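**Q** Per UniProt numbering, residue 1 is the first one in the sequence shown, and the count goes up by one each step. Glycine included, C-beta positions come from ideal geometry on N, C-alpha and C. For clarity, every value in this text was computed on a predicted model and none was experimentally measured.
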Amino acid sequence: MIETKRLIIREMVQFDYDALCGILCDEEVMRAAYESAFNLEEAQNWLNRHLKRYEEYGFGLWAVVLKETNKMIGQCGLTMQGWREKEILEIGFLFQKAYWHKGYATEAAIACKEYAFSVLNANRVYSIIRDTNIASQKVAVRNGMNIIDKDTKNFRNIDMEFFLYSVERTK
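(1) Fully enclosed by the stretch 19-51, which alpha helix (DSSP H) runs are 4 residues long or longer?
(2) Tell me, which residues are paired with N133 by DSSP?
(3) Look up Q75 in the DSSP assignment and say whether it is helix, strand or coil.
(4) If you drop the 5 nearest sequence neighbours on each side, which residues of the same chain put their C-beta closer than 8 angstroms to that of V150?
(5) May I have the straight-line CA-CA distance separating L47 from M72, to the nearest angstrom?
(6) State the DSSP-derived secondary structure class of F163, mapped to helix, strand or coil.
(7) Under a Cβ-count criterion, where at least 16 other Cβ atoms within 10 Å of its own Cβ denotes burial, should Q96 be classed as buried or exposed?
(8) Based on the DSSP secondary-structure assignment, which residues constitute the bridge partners of D151?
(9) Output needed for A32: all residues of its chain with C-beta closer than 8 angstroms, excluding positions within five of it in sequence on either side, in chain order.
(10) Report yes if the C-beta distance between Y115 and G74 is below 8 angstroms; otherwise report no.
(11) Anyone know if the C-beta pair for V139 and A111 falls short of 8 angstroms?
(12) Could you tell me which residues DSSP puts in a beta bridge with L7?
(13) Bridge partners of N146, per DSSP?
(14) Let's test the definition: count the other Cβ atoms within 10 Å of the Cβ of L40 and tell me whether it reaches 16, buried, or not, exposed.
(15) Can we say the stretch 49-67 touches the stretch 78-87, given the rule of at least three CB pairs closer than 8 angstroms?
(16) If you draw a straight line from the alpha carbon of E28 to that of E35, how long is it in whole angstroms?
(17) Just the C-alpha distance for E3 and R142, rounded to the nearest angstrom, thanks.
In structure tokens, the structure reads:
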């Protein structure tokens, strides 16, 4: 679907469930984004939600596969998210811990931004990132984004602060 120098970004399928659990069920990975890991049922629900998004929108969070090993190492893609009673096109990403700090999230996020601008004809894309998630904030900055807002969101009955990053299409 999308190919970069080191990655293939494609729709997830049920076969990706085990690799997805390696992300969503990892306490350290999920603490940064959602405060705690998902259980197996929540991980399956997450996958099901993205399979439906592919049907409804033609996009969602996609599997990020390392070309070198053909292994799913993360997910990155585009979703419609709510922000202050508005629906916005968000670039989201989550990667297995073993693949952090190697540039994969940035490479995938940039590819998804380019997809949003060139294929979906979006004029602006966003990333919603917890105020404590410095690594993901750095990915957003490397993707050309700036903070434009901050808000509190409730996830699993926990109030968390999030920054809204954004970048506008220039051509």
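**A** Well, looking at it:
(1) 27-34
(2) On the sequence shown, position 133 is the one that residue 133 refers to. According to DSSP, N133 shares a beta bridge with no other residue.
(3) For the purposes of this step, residue 75 is taken as the residue at position 75 of the sequence shown. Three-state DSSP puts Q75 in a strand.
(4) Residue 150 sits at position 150 when you count from the first residue of the sequence shown. The residue you asked about is not Val; residue 150 is Lys in the sequence shown. Cβ neighbours of K150 beyond the five flanking positions: D131, E161, F162, F163 and L164.
(5) Position 47 of the sequence shown holds residue 47. Position 72 of the sequence shown holds residue 72. Distance between the alpha carbons of L47 and M72: 14 angstroms.
(6) Sequence index remark: in the sequence shown, residue 163 carries index 163 (1-based). Looking at F163 - three-state DSSP - the assignment turns out to be strand.
(7) If you number the sequence shown from 1, residue 96 lands on position 96. The residue is buried, with at least 16 neighbouring Cβ atoms inside 10 Å.
(8) To locate residue 151, count along the sequence shown from 1; it is residue 151. Looking at the DSSP output, D151 sits in a beta bridge with F162.
(9) For the purposes of this step, residue 32 is identified with residue 32 of the sequence shown, where counting begins at 1. Answer for A32: R130, T132, N133, A135 and S136, listed in chain order.
(10) In the sequence shown, the residue the question calls residue 115 occupies position 115. In the sequence shown, the residue the question calls residue 74 occupies position 74. Not a contact, by the Cβ cut-off of 8 angstroms.
(11) Working through the sequence shown from its first residue, we reach residue 139 at position 139. Working through the sequence shown from its first residue, we reach residue 111 at position 111. Cβ distance not < 8 angstroms, so V139 and A111 don't count as in contact.
(12) For the purposes of this step, residue 7 is taken as the residue at position 7 of the sequence shown. Looking at the DSSP assignment, L7 forms a beta bridge with L66.
(13) Residue 146 sits at position 146 when you count from the first residue of the sequence shown. BP columns for N146 point to S166.
(14) Position 40 of the sequence shown, counted from the first residue, corresponds to residue 40. Exposed, by the Cβ-count rule.
(15) yes
(16) As a working note, residue 28 is residue 28 in the sequence shown. As a working note, residue 35 is residue 35 in the sequence shown. Taking the straight line from one Cα to the other gives about 9 angstroms.
(17) The residue you call residue 3 lines up with position 3 of the sequence shown. The residue you call residue 142 lines up with position 142 of the sequence shown. Going from the Cα of E3 to the Cα of R142 covers about 19 angstroms.
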